[in-house]
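Below: one structure, written as structure tokens.
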Amino acid sequence: MRTSVRVAIGVAATLAVLGPLGYFWVGSLVPSPYDMSAMGTEDFGGGPAVHSHGGTISVASLTGPTTGKPAVDVTLTARKQGDRYLVNGTSPGPELHAVKGQLVQVTLVNDNINDGITLHWHGVDVPNAEDGVAGLTQNAVKPGQRHVYRFVAQHAGTYWYHSHQVSHEQVRGGLFGALVITDKSEKSGNGAAGSKGGQPGAPRQTAPSGPAGAPAAAATDQVVAVHTYDGRRTINGANGVSTMQAAPGATIRARIINTDAGPIRVWVSGTPFKLLAIDGRDLHDPGDISDKSVLLTAGGRADLQLKAPARIDVGAGVALAIGGAATAANPEPRDTLDPLTYGTPAEIGFDPTHPTRTFDYRIGRRIGFLDGKPGFWWTINGHEFPDVPMFMVRTGDVVRMTIANSSGEVHPMHLHGHHAVVLSRNGAPATGSPWWIDSLDVGDGETYEIAFIADNPGIWADHCHNLKHAADGLVAHLAYAGVSTPYRVGGDSDNHPE
Amino acid sequence: MRATYRALAGLIALGVVVQAALIAAAWFTVLHNADNGSVFDKNTGYNWAQIGHSVVGLMLIPLFSIILLIVSFFVRVPGGVKWALITFGVVVLQILFAIFGFGAPIVGLLHGLNAFAVAGVASVAMRKARLAEQPAPATQPAPIA
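Protein chains in written order, with numbering that gives the first Met the number 0: chain U, 0 to 497; chain V, 0 to 144.
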């Protein structure tokens, strides 16, 4: 064969190899900066076509009450010390308390965190502008700057706050805290902000759970924030077995918050317990549980009711001993409570059988490029970020969503601004209490059907709360007709929500 | 050019050796950390050896195998294109075994076994290039000094 022919064939073959690679590489590049609300593919879920891009309602206008004196008024100052992120000098940050109906005002101050910070009110269905997602609902708060969040505490329950700017690093490093909203009838909340805090490793479980200055007698309500710092799992910042004072026979409400990246199993020794609430929503008619653990997804909350003395284990040898350390630890139960069949049915307030829109959120994984970087990347409905669906709704729509996971790993799926009710798992219908979630553990091979009412206008992240996964593209959005955002992600904007 | 082909094939084979070393170090690191009371869970970031394994496995070896394939189009090595293609194929297979291993860990066995195939076919490609480099024997005996 002549050399020139050989070379020509070689060049053609080279192009055949490099062409597709280059095509996929270029296609994976994310514009910078970009408009979250304008990206991806609009998905109308079988309902009428509506659009957000070029909409007339700005996210920035969808605020909480701008007037009125807040009943809870707190300043939270975040600073970075080494690899650790502290809020008012501690991690977890101060435990905030509010009573249902109160206006909450939190002023976030950035002391020295160069990446910028925000606060997201995880599980609180706040107005969109208060949601704290950098580049979507606000700009990241840079060092020396402050940002004020104002919202009405509408639903009693257990919540938490955390940064939603470079969140996979900042939450992991400790930029979070608990938020408890109580009904008036409960004595543990008096509307003042608690200032409980402690450096990781400095146990503070013996402190009363009430706000600073409250009498210790109110300590029947205990936040159990689980977080893993550098490979050490902790409860409220303390490794090992913490203790909580309680009189024998006292009824305790333990508010377990999983602030980590993966699911944890929680079990109780020494007494049966009830699962009172999941994700800040009470369960109907909860029965006694023994010999079962509760699976708590990343970002999720579970409120347990139990009688002292008892012991709550959260895995990895980390536990809370209530009413003395004497309660022996049971081994982890083999069975896990299934919320699908726990409790008894009750009215959910809408009819999910005739949805306005039905969306698919299918999670997969493939090899490819993400913004030019080769690797294994998550896909949503077969496409990689940023080519992901934009779930379009109008206010008042009844929405059904099927979340299916065939990606090989578990994903704690978190929808901002809404609570959804679980209808079925792998085709088996929910037969117990209405099971409302804002964070749902979707294991590999599992398919969940959920439903919710679109009743909180804005643009909302709907993402995996293993925050590294979100940073790797496992994030989509729910967008209301006519709403657009003035904020941008990436590039000069310095906003990096995940 | 032939030397480039040979070097790339050699780097791929060497890469497999590095991968084996890294994954062993990765697991001993995990066990050692657990020994010191660390939790290995979804919060655990990759350790240095796991990061190394994914950089070598998802970037370097695929890159070398693609360049090897391209070089093979221009180089005069008997069976050069064929062995570059086979190398590329088993590298792709290796990556598929990795991605399916997350959901079905038993596939990890195939990932481990197929590593030998990657090293083996890359070595064959290397030898093909070396044989092609040697001057044809006996036609022109070297003068005795």
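The beta-carbon is built from N, C-alpha and C at its ideal position, and this holds for glycine as well.
query	result
Less than 8 Å between C-beta atoms, sequence neighbours within five positions excluded: which residues of the same chain meet that for residue 35(V)?	none
Is any beta-carbon of chain C found at less than 8 Å from that of residue 465(U)?	Looking at the structure shown, chain C is missing, and the protein chains on hand are U and V.
Can you name, in chain order, every residue of its own chain whose Cβ lies under 6 Å from the Cβ of residue 268(U), other than the five neighbours on each side?	310, 326, 328 and 329
What do you reckon, are the CB atoms on residue 257(U) and residue 233(U) nearer than 8 Å?	no
Find the nearest neighbour of residue 392(U) within the set 361(U), 413(U), 417(U) and 383(U), judged by alpha-carbon distance.	417(U)
Looking at C-alpha atoms only, which residue of 490(U), 436(U) and 32(U) is the closest neighbour of residue 301(U)?	436(U)
Check whether the Cβ atoms of residue 413(U) and residue 495(U) lie closer than 8 Å to each other.	no
So what does residue 36(U) bridge to, in DSSP terms?	DSSP, once it has assigned bridges, lists no residue as partnering residue 36(U).
Beta-carbon of residue 102(V) versus every beta-carbon of chain U: anything under 8 Å?	yes
With a threshold of 8 Å between beta-carbons, can residue 46(V) be considered close to chain U, or not?	no
Closer than 7 Å by C-beta to residue 270(U): which residues in its own chain qualify, once you throw out the five before and the five after it? Chain order, please.	305, 306 and 309
If we define contact as Cβ-Cβ less than 8 Å, is residue 58(V) a contact residue for chain U?	yes
Tell me the DSSP secondary structure of residue 133(V) in three-state form.	coil
Assuming residue 43(V) and residue 230(U) are in contact, meaning their beta carbons sit under 8 Å apart, how far apart are those beta carbons, in whole angstroms?	6 Å
Please compile the residues from chain V whose C-beta is within a distance smaller than 9 Å of the C-beta of residue 312(U).	In chain order: nothing, as chain V lies at least about 13 Å away.
Sorted by chain position, which residues of the same chain lie with C-beta nearer than 8 Å to residue 275(U)'s C-beta, five sequence neighbours on each side aside?	252, 281, 282, 285, 302, 303 and 304
Please confirm whether residue 132(U) and residue 167(U) have their CB atoms less than 8 Å apart.	no
Could you tell me if residue 105(V) is buried or exposed, where buried requires 16 or more neighbouring beta carbons within 10 angstroms of its beta carbon?	exposed
Between residue 238(U) and residue 96(V), what straight-line distance do the alpha-carbon atoms span, to the nearest angstrom?	38 Å
Say whether chain U places a C-beta atom closer than 8 Å to the C-beta of residue 96(V).	no
Here's the rule: buried if 16 or more other CB atoms are within 10 angstroms of the residue's CB, otherwise exposed. What is residue 22(U)?	exposed
DSSP three-state call for residue 117(V): helix, strand or coil?	helix
Which residues, in chain order, does the region 353-376 of chain U contribute to contact with chain V at a C-beta distance below 7 Å?	364, 366, 373, 374 and 375
Can you round the beta-carbon distance between residue 279(U) and residue 158(U) to whole angstroms, since I take them to be within the 8 Å contact cut?	6 Å
Just checking my contact of residue 119(U) with residue 110(U) at CB under 8 Å: how many whole Å lie between their CB atoms?	About 19 Å; that fails the 8 Å criterion.
Just grab the DSSP bridge partners of residue 86(U) for me.	77(U) and 89(U)
State the DSSP-derived secondary structure class of residue 491(U), mapped to helix, strand or coil.	helix
Would you say residue 64(V) reaches chain U, if we count a Cβ-Cβ gap shorter than 8 Å as a contact?	no
State the Cα-Cα distance for the pair residue 242(U) and residue 77(U), rounded to the nearest angstrom.	28 Å
Quick check: is the beta carbon of residue 77(V) nearer than 8 Å to any beta carbon in chain U?	no
Taking the runs of the beta strand (DSSP E) that are 3 residues or longer, which of them lie wholly in the region 237-325 of chain U?	240-243, 250-257, 263-268, 272-277, 291-295, 300-306, 309-312 and 318-321
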